[in-house]
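*Asks:*
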Amino acid sequence: MVSGLNPTKTNCSHIFNLFCLYGNVEKVKFMKSVPGTALVEMGDEYAVDRAVTHLNSIKCLAKKLNVCVSKQQAVIPSQVFELADGSSSYQDFSLTRNNRFNSTHSSRNIIQPPAAVLHFYNAPPTLSQHQLLKLCSEHNVPTFTKFKVFDAKTSSKTLSGLLEFSSKTEAVEALTVLNHHQIRIPSSSSPFTLKLCFSTSSHL
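Okay, so the sequence shown: first residue is 184 according to the working numbering, each after it adds one.
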């Protein structure tokens, strides 16, 4: 269970974007009777433990989160309503490809506590610092102060690197909103899904 959420700025996708770093997210449901509170059903108890350990008491979208284990065994899609941004208060993420603990690549996941530096990957190879800054501005999230691109192989079809923010809180907000943002480029028929996670680097 997550309480202390900003009810005017947070939706199910935002919660998924943050919690998916610590395990597969199955379902998210905001509670109508308790504004700013949501239930998050995760793939297994280890995912729940990691989420509670790393996300309890962090600040996100100007609010301090309280993350704890719920007494409920599953999220039931009852009393569905419209959130402030017009999206649904309930969402099923069990089949999304953005869950990172399903495949053989799950061992590559970087499980880190929230930090001021974000690792980005799966970005278009032509993505520039200016475009990323514009993306932050368009979505009203804090902009990063430092930008680093990793050297890619000539055959690489995506770009990866690091973004440093002024504080851990700013990095959390940017990740919550921009993780899994779809970026379209003229030369590609399908969009690139920008992926973010907290970096092992403390600064650039």
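The C-beta atom is built at its ideal place from N, Cα and C for all residues, glycine as well.
Just tell me which of His-364, Lys-340, Ser-338, Phe-381 has its CA closest to the CA of Leu-346.
*Replies:* The shortest Cα separation from Leu-346 among His-364, Lys-340, Ser-338, Phe-381 belongs to Phe-381.
*Asks:* Mark Arg-291 as exposed unless 16 or more other C-beta atoms lie within 10 angstroms of its C-beta, in which case mark it buried.
*Replies:* So Arg-291 counts as exposed.
*Asks:* Out of Lys-378, Gln-256, Ala-298, which has the shortest C-alpha to C-alpha gap to Met-225?
*Replies:* Of the listed residues, the one whose Cα sits closest to Met-225 is Gln-256.
*Asks:* Please report the straight-line C-alpha distance between Val-217 and Ser-240, rounded to a whole angstrom.
*Replies:* Going by the C-alpha atoms only, they are around 19 Å apart.
*Asks:* Do Val-258 and Val-222 count as a contact pair if the criterion is CB distance below 8 Å?
*Replies:* Just to set this straight, residue 222 is Leu in the shown sequence, not Val. It is a contact, given that the beta carbons lie within the stated cut-off.
*Asks:* When the Cα of Asn-207 is compared with those of Asn-362, Ala-234, Asn-194, Ala-299, which residue comes out closest?
*Replies:* Ranking Asn-362, Ala-234, Asn-194, Ala-299 by Cα distance to Asn-207 puts Ala-234 first.
*Asks:* Write down every uninterrupted run of the beta strand (DSSP E) in the stretch 212-236 whose length is 3 residues or greater and which is fully enclosed by it, in chain order.
*Replies:* Entirely contained in the stretch 212-236, the beta strand (DSSP E) runs reaching 3 residues are, in chain order, 220-225.
*Asks:* Would you say the stretch 302-317 touches the stretch 245-256, given that touching needs at least three Cβ pairs under 8 Å?
*Replies:* Verdict: no, contact absent.
*Asks:* Quick check: the stretch 266-286 against the stretch 194-203, are there 3 or more CB pairs under 8 Å?
*Replies:* At 8 Å Cβ cutoff, the stretches touch.
*Asks:* In chain order, what residues of the same chain lie with their CB nearer than 7 Å to the CB of Asn-323, ignoring the 5 residues before and after it?
*Replies:* So the list is empty, once near-sequence residues are dropped.
*Asks:* Note down, in chain order, each residue of its chain lying with its Cβ closer than 8 Å to the Cβ of Asn-285, except the 5 sequence neighbours on either side.
*Replies:* Around Asn-285: Asn-207.
*Asks:* To the nearest angstrom, how far is it from the Cα of Leu-266 to the Cα of Gly-219?
*Replies:* One C-alpha to the other measures close to 10 Å.
*Asks:* Taking buried to mean at least 16 other C-beta atoms within 10 Å of its own C-beta, is Ala-357 buried or exposed?
*Replies:* Ala-357 should be labelled buried.
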